[in-house]
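Take the sequence shown: its letters are residues 1 to 721, numbered as in the UniProt record's numbering. What follows is a single structure, written as structure tokens, with notes after it.
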Amino acid sequence: MNRVRVALPVPLHQHFDYLLPEGMQVQVGVRVRVPFGKRELIGIVWQLDPENAHPDKLKALLEVLDQTPLFGNEIKQLLSFAADYYHHPLGEVLVSALPALLREGKAVLAGHGRLLQLTPLGSSLKTDALQRAPRQLALWQRLQQAACREDELVGESPQIKALLEKDLVAWQAIEFSPFVPQPDRQTPLQLNPAQALAVSAINQSAGSFSRFLLEGVTGSGKTEVYLQCISPVLQRGQQVLVLVPEIGLTPQTLARFAKRFAVPLQIWHSNMTDQERLLAWQRSQSGDAAITIGTRSALFLPFLQLGLLIIDEEHDASLKQQEGFRYHARDLAVKRAALASCPIVLGSATPSLESLYNVQQGKFAHLPLPERATSQKVPKIELMDLKQQVLKHGLADGTLVQIKQRLQRGEQVMLFLNRRGFAPALICHECGWLTECQRCAAFTTFHKQSRQLVCHHCGASRPVPHQCGHCGSTQLAPVGQGTEQLEEQLQQLIPDFPVIRLDRDSTRRKGSLEALLEEINQGQPAIIVGTQMLAKGHHFPKVSLVVIVDVDSALYSSDFRASEQLAQLLTQVAGRAGRGDIAGTVLLQTHYPGHPLLQDVIQNGYSSFARSALLERQQTRLPPYQHLALFRTESFDSNDGLLFLTGMQQLIATECPQVQYLGPLKPPLERKAGKFRWQLQLFCRDRRQLHLALDLVLSQCCSTTLSRKIKWQLDVDALDL
Ligand code: ADP
Ligand code: ZN
Ligand code: ZN
Numbered sequence: 001m002n003r004v005r006v007a008l009p010v011p012l013h014q015h016f017d018y019l020l021p022e023g024m025q026v027q028v029g030v031r032v033r034v035p036f037g038k039r040e041l042i043g044i045v046w047q048l049d050p051e052n053a054h055p056d057k058l059k060a061l062l063e064v065l066d067q068t069p070l071f072g073n074e075i076k077q078l079l080s081f082a083a084d085y086y087h088h089p090l091g092e093v094l095v096s097a098l099p100a101l102l103r104e105g106k107a108v109l110a111g112h113g114r115l116l117q118l119t120p121l122g123s124s125l126k127t128d129a130l131q132r133a134p135r136q137l138a139l140w141q142r143l144q145q146a147a148c149r150e151d152e153l154v155g156e157s158p159q160i161k162a163l164l165e166k167d168l169v170a171w172q173a174i175e176f177s178p179f180v181p182q183p184d185r186q187t188p189l190q191l192n193p194a195q196a197l198a199v200s201a202i203n204q205s206a207g208s209f210s211r212f213l214l215e216g217v218t219g220s221g222k223t224e225v226y227l228q229c230i231s232p233v234l235q236r237g238q239q240v241l242v243l244v245p246e247i248g249l250t251p252q253t254l255a256r257f258a259k260r261f262a263v264p265l266q267i268w269h270s271n272m273t274d275q276e277r278l279l280a281w282q283r284s285q286s287g288d289a290a291i292t293i294g295t296r297s298a299l300f301l302p303f304l305q306l307g308l309l310i311i312d313e314e315h316d317a318s319l320k321q322q323e324g325f326r327y328h329a330r331d332l333a334v335k336r337a338a339l340a341s342c343p344i345v346l347g348s349a350t351p352s353l354e355s356l357y358n359v360q361q362g363k364f365a366h367l368p369l370p371e372r373a374t375s376q377k378v379p380k381i382e383l384m385d386l387k388q389q390v391l392k393h394g395l396a397d398g399t400l401v402q403i404k405q406r407l408q409r410g411e412q413v414m415l416f417l418n419r420r421g422f423a424p425a426l427i428c429h430e431c432g433w434l435t436e437c438q439r440c441a442a443f444t445t446f447h448k449q450s451r452q453l454v455c456h457h458c459g460a461s462r463p464v465p466h467q468c469g470h471c472g473s474t475q476l477a478p479v480g481q482g483t484e485q486l487e488e489q490l491q492q493l494i495p496d497f498p499v500i501r502l503d504r505d506s507t508r509r510k511g512s513l514e515a516l517l518e519e520i521n522q523g524q525p526a527i528i529v530g531t532q533m534l535a536k537g538h539h540f541p542k543v544s545l546v547v548i549v550d551v552d553s554a555l556y557s558s559d560f561r562a563s564e565q566l567a568q569l570l571t572q573v574a575g576r577a578g579r580g581d582i583a584g585t586v587l588l589q590t591h592y593p594g595h596p597l598l599q600d601v602i603q604n605g606y607s608s609f610a611r612s613a614l615l616e617r618q619q620t621r622l623p624p625y626q627h628l629a630l631f632r633t634e635s636f637d638s639n640d641g642l643l644f645l646t647g648m649q650q651l652i653a654t655e656c657p658q659v660q661y662l663g664p665l666k667p668p669l670e671r672k673a674g675k676f677r678w679q680l681q682l683f684c685r686d687r688r689q690l691h692l693a694l695d696l697v698l699s700q701c702c703s704t705t706l707s708r709k710i711k712w713q714l715d716v717d718a719l720d721l
């Protein structure tokens, strides 16, 4: 053997071969340092002795970084599959799968973690010494009780650093090893028949690949089903991965699981430091972490022995990575479960049409939980007809009356408006000029508190101008309504009760989301205003009224997925009403109370809507009945992108008669950050044919001079058009 094939983190669709110097030992899966052009890169050995190795003069490997492979065959196959399926360079897929510190060449200390403990100096410290640093004091007090494992100290880095500098604490290395099964901390709940059926179906398939869709209305006890499926897996000493859509939900889910299970748990999300990620990666690899709760990229963690995979809120769009290596965590997780030969459970109150289709096709077993698990009443959905009403700040009189009633009864009210900021634009009263982003075909949102105009597409911001950019008038006024404005107006209309705003702006600072949730959970009567963040799995037991301020903007959209998303949103938001002992009401403000979608969801529920929506997708030949792939371009000269995609479209038209195409066309946002955008949509009934067409197009169109002039990307199974 004298040649090795290496996967390198470069955006090129090819492998790279190197010579193995005399005396150097490598295995598949170890990291190596190699010369690459004028640079040096760190890559992963992918294949030994490749048959069709590049005939040119090969360069030699410089260094081997690992004695044992970073991951085994399971992850290797997953990554190869992902690279093939998404037609994405393997090296970039690898980047998504490996913690940054490993990519930079940091050593993996096989099976090692760290324990933080007090030094002799720290042990003899007087309590008042840290009086002025309450966080350091708290950590010091904690360490007085017992030394802490590094993974129990997530988010404490500043305090640790300070104490280390004062020589009060020190790290000690410890060995990570597979966790030891423990008896559960809590006795499980008595399951209702639907739950019992679900649990036994899943548990019976232990040890083999099988797919389940757990479709349970909000409050039906899906989490209890997860818990009772996890328990026997842990007893067998196998690990469990739970994917959740949002970072905000990881601590909440973790707390619930930690109450039940006495084994080591860990979280994984994008807000962790590089060091924390490396640690979580090693705990997965060593088998120490029994349960991992994480956002989408957790599916690449190298578990020693995965026994069960769960995806909660499987319909959620944030499971799809929308930039760089665009993958859908749900789909790759199914592949992962297949490779690990373990069951996978997809849970949701509002399953995606893709998953329901998979049930129809017999690929997923359907486990419905049609009833709430407790005696809680199902919320009532009411329509508030806005036609011919005088609105006060976008709210009908009837809506305001209901809000006040609930507050006076000591309950909480939630208003849902999917637009953050104060107003979507400023308008000139004299000439009608509107504040636009200079780089995008979009208006800039007025943020009153920060006195900024912000483009929500490219992020550009500038101070609010004093004068109209066209006529110079100073008569600039906000048009439309965002959450910041609604908050201010409600505060004026109903001054006796606090207004709490939950959106990306109000939760930007670390810890602020937790603080706001804490305030809501105190249970005092309050008005909660927020964006779609509110619809994501939070439990607000005191909320008895949910108002969806503006349903109409989503009713008529050009995106074929808009109706599915709206139905999911309505149902999810409705699930937040009346979770305590109070019956909840959901008020939908609309000018179109007779709209068939609203009527269907209200009268028959989500699953009825979903079935008719699937039928419609079948008739209109859209996903999931067809496979979709999308090419997007961005270029400073609009013509370049158009030309590039036209070339592709002509190739498809002549060479791939089975593939239908739409475009090149302009997306809804036709200019972003100064660049013009185009897209070409490809549809095909047969997945294989589509992928052959993609191979052809990629080989013929994507190495031309034109392709280098523009930015282009391929999005297989695109969600947003
Ligand atoms: P979901 O995740 O489906 O929205 P949860 O798992 O949060 O629902 O359950 C809702 C509530 O019902 C929780 O308070 C839970 O403790 C309770 N619950 C679940 N299953 C049962 C059961 N079998 N018996 C009694 N209460 C249950
Ligand atoms: Zn912009
Ligand atoms: Zn003007």
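We treat Cβ as the ideally placed atom computed from N, Cα and C, and that holds for glycine.
| Query | Result |
| --- | --- |
| Rounded separation between leucine 309 and glycine 432 - CA only | 55 Å |
| DSSP state of leucine 691 mapped onto helix, strand, coil | Note on identity: in this sequence residue 691 is histidine, with leucine being the wrong assignment. Helix. |
| Rounded separation between phenylalanine 644 and leucine 58 - CA only | 34 Å |
| Distance, leucine 90 Cα to serine 80 Cα | 7 Å |
| Check: arginine 462 C-beta below 7 Å from any heavy atom of ligand 2 | no |
| At least three beta-carbon pairs within less than 8 Å, the region 155 to 163 to the region 97 to 107 | no |
| Nearest candidate by alpha-carbon position, reference isoleucine 548, set Pro541, Leu19, Glu314, Val586 | Val586 |
| Proximity below 8 Å, CB of glutamate 215 to CB of serine 318 | no |
| The region 199 to 216 contacting the region 350 to 368, beta-carbon criterion three pairs below 8 Å | yes |
| When Arg31, Ser177, Thr444, Gly410 are compared against proline 264, the one with the closest alpha-carbon | Ser177 |
| Identified DSSP bridge partners for serine 210 | Pro343 |
| beta-carbon alanine 298 near ligand 2 non-hydrogen atom, thresh 7 Å | no |
| Spatial distance of histidine 457 from leucine 555 (CA atoms) | 22 Å |
| Those residues which DSSP pairs with phenylalanine 36 across a bridge | Arg39 |
| The region 113 to 121 contacting the region 143 to 151, beta-carbon criterion three pairs below 8 Å | yes |
| Serine 473 CB to nearest heavy atom of ligand 3 below 7 Å | yes |
| Any non-hydrogen atom of ligand 2 closer than 7 Å to arginine 439 Cβ | yes |
| Whole-number beta carbon distance between leucine 690 and leucine 651, since they are thought to touch under 8 Å | About 14 Å separates the two Cβ atoms, so there is no contact after all. |
| Endpoints, alpha helix (DSSP H) assigned at cysteine 229 | 222 to 235 |
| Cβ-Cβ separation, glutamate 314 to serine 355 (assumed contact under 8 Å), whole Å | 6 Å |
| 8 Å Cβ cutoff met for alanine 718 and leucine 662 | no |
| Valine 10 (DSSP reduced to helix, strand or coil) | coil |
| Under 6 Å, CB to nearest heavy atom of ligand 4: contacting residues | The model depicted lacks ligand 4 and carries ligand 1, ligand 2 and ligand 3 instead. |
| Residue burial classification, proline 11 (beta-carbon count within 10 angstroms, cutoff 16) | exposed |
| Contacts around leucine 8, its chain only, beta-carbon distance under 6 Å, and the 5 residues preceding and following it disregarded | Phe16, Leu41, Gly43, Gly91 |
| Of the residues Gly459, Arg451, Phe422, the one placed nearest cysteine 437, counting alpha carbons only | Gly459 |
| CA nearest to the CA of tyrosine 86, picked from Asp496, Leu628, Pro181 | Leu628 |
| Endpoints, the alpha helix (DSSP H) within which glycine 520 is located | It is isoleucine, not glycine, that sits at residue 520 in the sequence shown. That run of the alpha helix (DSSP H) goes 512 to 521. |
| Segment contact, 8 Å Cβ cut-off, at least three pairs: the region 656 to 673 with the region 700 to 714 | no |
| Cysteine 468 beta carbon near ligand 2 (any heavy atom closer than 7 Å) | no |
| Exposure label - proline 463; buried when at least 16 CB within 10 Å | exposed |
| The region 328 to 342 in contact with the region 568 to 575 per 3-pair CB rule at 8 Å | no |
| With 16 other Cβ atoms within 10 Å as the buried cut-off, status of lysine 387 | exposed |
| Euclidean distance between Cα positions of glutamate 564 and arginine 685 | 21 Å |
| Rounded distance between the beta-carbons of glutamine 467 and proline 478, thought under 8 Å | Not confirmed; about 16 Å, so no contact. |
| Where the beta strand (DSSP E) containing residue 725 begins and where it ends | Nothing can be reported for residue 725: it is not among the residues displayed for the chain, which extend from 1 to 721. |
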